[in-house]
Amino acid sequence: MASYSVEERATPNSLEYRLFFKNDKGQYISPFHDIPIYPVAGKNVFNMVVEVPRWTNAKMEIATKDPLNPIKQDVKKGKLRYVANVFPHKGYIWNYGAIPQTWEHPGHKDENTGYYGDNDPIDVCEIGSKVCSRGEVIKVKVLGTLALIDEGETDWKVIAINIEDPEAASYNNIDDVRKMKPGYLEATVDWFRRYKVPDGKPENQFAFNGEFKDKDFAINIIKSTHEHWRALVFKKTDGGEINCANTTVSDSSFCISQECAKATVEAVPPFGTANKIPPEVDKWFYHQKN
Ligand SMILES: [Mg+2]
1 MASYSVEERA TPNSLEYRLF FKNDKGQYIS PFHDIPIYPV AGKNVFNMVV EVPRWTNAKM
61 EIATKDPLNP IKQDVKKGKL RYVANVFPHK GYIWNYGAIP QTWEHPGHKD ENTGYYGDND
121 PIDVCEIGSK VCSRGEVIKV KVLGTLALID EGETDWKVIA INIEDPEAAS YNNIDDVRKM
181 KPGYLEATVD WFRRYKVPDG KPENQFAFNG EFKDKDFAIN IIKSTHEHWR ALVFKKTDGG
241 EINCANTTVS DSSFCISQEC AKATVEAVPP FGTANKIPPE VDKWFYHQKN
């Protein structure tokens, strides 16, 4: 079974910080393009790249426009971006990340939502009990999905559970979450509805009236985003600013050498002592629901 490792560069909690990925052969890879969507062929188990561990606030994400797509912190108006603790939530309330080799195509109008894709790999909320680490690659069982409309873009949120969770065998569809983790799905909708309100933005909207779609529906959505990704890396569609450099995708004209990949990593300063997270990140944000 493939295993992955990470290499941190520059100062944590700085604009320069990057987290690069390596495969089990020690080769630098892109977590967006080189990690396969399926850890094992033929089963409905998916790889997930953990970008944000549960209970943390830093909005870390795969840098889709940078070579080798390291994880970096989102920046807004020149400052590192943290999600607010929107009462009663503390940071992200799941392990949050993305399924590799998927892409929500910004030129494709989703027939379910009526909005174009958000130009990112598809997002996952992993609901298992373990708090994962940043850059961990886990295998997840998909349970359902929520159709978020985020500032006029389609932004599917896949609900999944780590297959190594001690209770994973009991979770096979979205209704199992409803039964065994009461309140968690409602909290998830509430979180996505309000997470940008502290930034002065309106509440987000959902397709299907904020109702979750089931496992089969979710898997079909993921498969369609995988097809859009294939079109991207095999140059059947124009990805605009998306950086498709990879080191192991055979037949991809974006494939680069290890020497070139190593130079990309080493262009970022070496790992350094972490900066402190600003104390205001721990504040709670309260607002009156409409
Ligand atoms: Mg997204």
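Under full-length UniProt numbering, the first residue of the sequence shown is numbered 1, with each subsequent residue one higher.
All residues carry an ideal CB built from backbone N, CA and C; glycine is no exception.
Along the chain, where does the beta strand (DSSP E) containing residue 22 start, and where does it finish? 18-22
What residue ranges within the stretch 190-250 form continuous beta strand (DSSP E) runs of no fewer than 3 residues, ordered along the chain? none
Of all the options 46, 3 and 38, which has the alpha carbon lying nearest to the alpha carbon of residue 25? Here the closest residue by C-alpha is 3.
Tell me whether residue 216 is buried or exposed, calling it buried when 16 or more other Cβ atoms sit within 10 Å of its Cβ. exposed
Roughly how many whole angstroms lie between the Cα atoms of residue 115 and residue 108? Between residue 115 and residue 108, the C-alpha separation is close to 8 angstroms.
For residue 284, list the residues DSSP reports as bridge partners. 85
At which residues does the alpha helix (DSSP H) containing residue 266 begin and terminate? 258-266
Could you have a look at residue 96 and say whether DSSP puts it in helix, strand or coil? strand
What distance in whole Å lies between the Cβ atoms of residue 212 and residue 144, which are believed to be in contact at a cut-off of 8 angstroms? About 5 angstroms; that satisfies the 8 angstroms criterion.
In angstroms with no decimal places, state the Cα-to-Cα distance between residue 169 and residue 188. Approximately 22 angstroms between the Cα atoms of the pair.
Any heavy atom of ligand 1 closer than 6 angstroms to the beta-carbon of residue 176? Here the distance from the Cβ of residue 176 to the nearest heavy atom of ligand 1 is not below 6 angstroms.
Helix, strand or coil, according to DSSP, for residue 168 in the structure here? helix
Any idea if residue 273 is buried or exposed, counting beta-carbon neighbours within 10 angstroms, 16 or more meaning buried? exposed
Please confirm whether any heavy atom of ligand 1 lies closer than 6 angstroms to the CB of residue 110. No; taking the cut-off as 6 angstroms, the Cβ of residue 110 has no heavy atom of ligand 1 nearer than that.
Is residue 118 near ligand 1, judged by its Cβ being under 6 angstroms from some heavy atom? For residue 118, the shortest C-beta to heavy atom distance toward ligand 1 is below 6 angstroms.
Are residue 56 and residue 91 touching if we call contact CB-CB under 7 angstroms? yes
Suppose contacts are defined by Cβ-Cβ distances below 7 angstroms. Is residue 121 in contact with residue 32 by that definition? yes
Under 6 angstroms from any heavy atom of ligand 1, does the C-beta of residue 216 make it? no
Residue closest to residue 225, alpha-carbon to alpha-carbon, out of 141, 154 and 208: 154
Could you work out which residue in 79, 140 and 133 is closest to residue 6 when comparing CA atoms only? 133
Span of the beta strand (DSSP E) holding residue 159? 153-162
Ordered along the chain, which non-local residues of its own chain (more than five positions away) have a Cβ less than 6 angstroms from that of residue 63? 69, 70 and 72
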